[in-house]
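Residue numbers (mature numbering (1 follows the signal peptide of the UniProt record, and there is no 0)): -20 to -1, 1 to 170.
For glycine and all other residues, C-beta sits at the position ideal for the given N, C-alpha and C.
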Amino acid sequence: MKLWIAALLLAFACYIPTGAEEESEARLLVAKNILNQYLVEGKDLTVEYRIYNVGRSSALDVRLKDDSFPDADFESVRGNLRVSWDRLAPNSNVTHAVILRPLKSGYFNFTSAEISYRTTEESTERQTGYSSSPGEGGIVPLKEFDRRFSPHVLDWLVFAIMTLPSLGIPFLLWYSSKSKYDMPKAKKGN
C-alpha cells in the first residue's frame, strides 16, 4: 500500500507545472570568442559574439556593448563594438563579428561584453547580462612574430651560399684528379 501511495505522489509531482515551463519571457545567452590563434600587433584580430534566445518570447530592443577594447590600443577595422537589434525571436540566434587591429603589444584583459534587452512587449525595465569572458591575451610584437613564423628565405639562401665552398672545392679537386688519371675510352673503328 505504501508503495502504491509513493508511486501516486511521484506521478502527481511529475505533472505539476514548474516555473520554467510557465515562464514566457526572453532569456539571452551570450558567448564572446576571439577567433585568432595568434594575436599580433598590427594584424587583424577577429572577435565573434553569439547571442542565443532560449526563452519563449522575443527579446526586444537588444543592445550589445563591449568596452574591453580601448581606442588608444585598438583600431576598429570593420564592425562596431556597440550594436543593437530590434527583435530576436525565441529559439533563434544571431552572430556578430568585429575586426580590430591592435596598435600595441603586451597583455590585455579581454573582459565580458554587456547585453541589455526588454523581456516582453509590456515591460519597460531592461534585463542586463554579460557574455563569457575570453580572459587575458598576449599580443605579440610583429617583429617577434615574423622571427618565429616567417619562411626565412634569406637565411636559407645565405646558408646555401656559405656551404657551397665547403662542398664545391672538394668536388672540383676530385673531378680534376679523376680526369687526369682516367683512361680515355678507345674508339671503335669500322
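* To do: Compare the C-alpha of residue 107 against each of 20, 98, 114 and 113 and name the closest.
  => To locate residue 107, count along the sequence shown from 1; it is residue 127. The option with the nearest alpha carbon to residue 107 is 98.
Can you tell me whether residue 11 is helix, strand or coil according to DSSP? The count along the sequence shown starts at 1 and reaches residue 11 at position 31. In this structure, DSSP gives residue 11 an extended state, which the three-state scheme calls strand.
Count the other CB atoms, across all protein chains shown, that sit within 10 Å of the CB of residue 129; report buried if there are 16 or more and exposed otherwise.
Residue numbering aside, residue 129 sits at position 149 when the sequence shown is read from its first letter. Looking at its Cβ environment, which holds fewer than 16 other Cβ atoms inside 10 Å, residue 129 is exposed.
Can you tell which of 94, 112 and 62 has the C-alpha that lies nearest to the C-alpha of residue 13? Start at 1 with the first residue of the sequence shown, and residue 13 comes out as number 33. Checking every option, the nearest Cα to that of residue 13 belongs to 112.
So residue 85 packs on residue 114, CB below 8 angstroms; how close in whole Å? Within the sequence shown, the letter at position 105 stands for residue 85. Within the sequence shown, the letter at position 134 stands for residue 114. Taking 8 angstroms as the upper bound for CB-CB distance, residue 85 and residue 114 are not in contact here, some 18 angstroms apart.
*Does the region 54 to 67 touch the region 148 to 161, meaning 3 or more C-beta pairs lie closer than 8 angstroms?*
Segments in contact, no.
Look at the alpha carbon of residue -1 and the alpha carbon of residue 37, and state the distance between them as a whole number of angstroms.
-> On the sequence shown, position 20 is the one that residue -1 refers to. On the sequence shown, position 57 is the one that residue 37 refers to. With a pLDDT of only 49 at residue -1, under 50, the local geometry of the prediction cannot be trusted, and the value read off the model is given with reservation. Whole-angstrom Cα-Cα distance: 13 angstroms.
*Would you tell me roughly how many angstroms separate the C-alpha atoms of residue 31 and residue 131, rounded to the nearest one?*
Sequence index remark: in the sequence shown, residue 31 carries index 51 (1-based). Sequence index remark: in the sequence shown, residue 131 carries index 151 (1-based). Roughly 39 angstroms separates the two Cα atoms.
| query | So, helix, strand or coil for residue 135, using DSSP? | reply | Position 155 of the sequence shown, counting from 1, holds the residue named residue 135. Correct three-state label for residue 135: helix.
Practice task
Following the continuous alpha helix (DSSP H) through residue 30, name the residue where it begins and the one where it ends.
Solution key: Working through the sequence shown from its first residue, we reach residue 30 at position 50. Note, residue 30: premise wrong, no alpha helix (DSSP H); beta strand (DSSP E) at 25 to 33.
Check your understanding: For residue 54, which residues from the same chain have a beta carbon less than 8 angstroms from its beta carbon, with the 5 sequence-adjacent residues on both sides left out?
Key -> Counting from one through the sequence shown, the residue named residue 54 turns up at place 74. Beyond the five residues adjoining it in sequence on each side, residue 54 comes within less than 8 angstroms, by CB distance, of 25, 80, 81, 82 and 83 in the same chain, given in chain order.
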